[in-house]
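In the UniProt record's numbering, the protein residues as written are 1 to 448. Glycine residues also receive a C-beta, built at the ideal position from the N, C-alpha and C atoms. Notes for the one structure printed next.
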């Protein structure tokens, strides 16, 4: 076994130990892991470290992930998501267990533009858990539902995990961002469908009835007050329309293919989302320099975590490549000779296990590249391989006992977190083994 493969195994091990056994932050664990990889280069330590950092800071993905972090803060500040949830409640709230459907679809909407699992649980849970408890949902089931839905943002592009995966050296040569976006929208539809089925199962199991009519505002009223919030999705639609489909083809004919190619989805999607957020939510945004400073300063802890994680994830990947991981890994995979089905099962289980102690971004950064390589070598379509990995990593919000979303949702519902562990594992972790394998094998059709 080559030195790079040993370095990879050590890298994964040190990250898990540092973040779970030693209870240190994942960002710190990624830095330690990067330094460990460089140490395997011995006298080339500084050369490998320099090459890794150069590669990390030249990635557009780093900008995209950090920009989405700030956009998520602005969305929470402006109350745009609250307006959308109110409209959903008017539309679905009169169904039996309607608050659960609102919570699930609301988590998908929030996940589509903010992507953070813990933020999803906090934002959507704060609004919907009290509604669920009032409409006969058991408290621990309400918390389970919100925590289980928190990972939706990982599979709905473009999440930080999405950007990390497409930027990995072992993945980038096989896929394009534009096509993977379409694949992941298809994958996320299957993930949302399962979560809606789970809501239906809860409604039947606990005999949950309709909410009181006086607690559900007329749709005409909530739509009149919040229709403008739907325009936020133009920030996602515009970059996609410019780079994919008939409009893109028309513009290529008039402006030239090179001009359209210069439009980077990874740059312009967070920029456009930010612009629309500022325009639509300006009334609730700070009006003074001091207030803006306080808002920006409040994002520092999140930037410290996600920014460091992403930068050193790419740096670690580049350092492993410098050690010759691709060549050495090929030799190992030649000996494995797994069938497509066996490869899918191995990778999806491995990713879910790692996603237990780690969050989705750290999981993808740690084993996304190796998992993708195993799948592609076994004959899996590269886009389906990426879909499988992101599907499996999305269980991070529902994986006890380490997922932050569990404790956030349980705190809002005022129940012991341990009461959610079994239903989360049975309904929001284990089924995603089947969904992930179904995506990888092509049994669940998605665009490729």
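In the DSSP assignment, residue 429 falls outside any alpha helix (DSSP H) and carries neither an H nor an E.
Considering only 159, 413, 201, 193, the residue with the shortest C-alpha distance to residue 181 is 159. The beta carbon of residue 257 sits closer than 8 angstroms to none of the beta carbons in its chain outside the five residues before and after it. Fully contained in the segment 163 to 237 are the following alpha helix (DSSP H) runs of length 4 or more, in chain order: 177 to 205, 219 to 226.
With 16 or more neighbouring CB atoms inside 10 Å of its own CB, residue 177 falls in the buried class.
When 104, 124, 154, 91 are compared, the shortest CA-CA separation from residue 219 is found for 91. Following the DSSP letters along the chain, one finds residue 23 in no alpha helix (DSSP H), marked with neither H nor E. Membership of residue 51 in the alpha helix (DSSP H) is indicated by the continuous run 45 to 57. When the beta-carbon positions are compared, residue 99 and residue 128 come within less than 9 angstroms of each other. DSSP, reduced to helix, strand and coil, places residue 311 within a helical segment of the structure shown. Residue 255 counts as exposed, since fewer than 16 other beta carbons sit within 10 angstroms of its beta carbon.
Sequence-distant Cβ neighbours of residue 108 in its own chain, meaning closer than 6 angstroms and more than five residues away, are 152, 192.
Annotation: residue 316 to residue 33 spans about 7 angstroms, alpha carbon to alpha carbon.
For residue 120, the enclosing alpha helix (DSSP H) stretches over residues 117 to 134. Distance check between residue 217 and each of 94, 276, 355, 69 places 94 closest, using alpha-carbon atoms only.
Assigned with DSSP and collapsed to three states, residue 262 falls in coil, not helix or strand. Around residue 88, the same chain offers 102, 105, 106 as residues with beta carbons nearer than 7 angstroms, after the five sequence neighbours per side are excluded. Three or more beta-carbon pairs separated by less than 8 angstroms link the segment 276 to 294 to the segment 227 to 234, which places the two stretches in contact. When secondary structure is reduced to three states using DSSP, residue 286 falls in the coil class, being assigned neither helix nor strand.
Judged by DSSP secondary structure, residue 82 falls within the alpha helix (DSSP H) whose first and last residues are 80 to 92. Under the three-state reduction of DSSP, residue 339 is assigned to coil, being neither helix nor strand.
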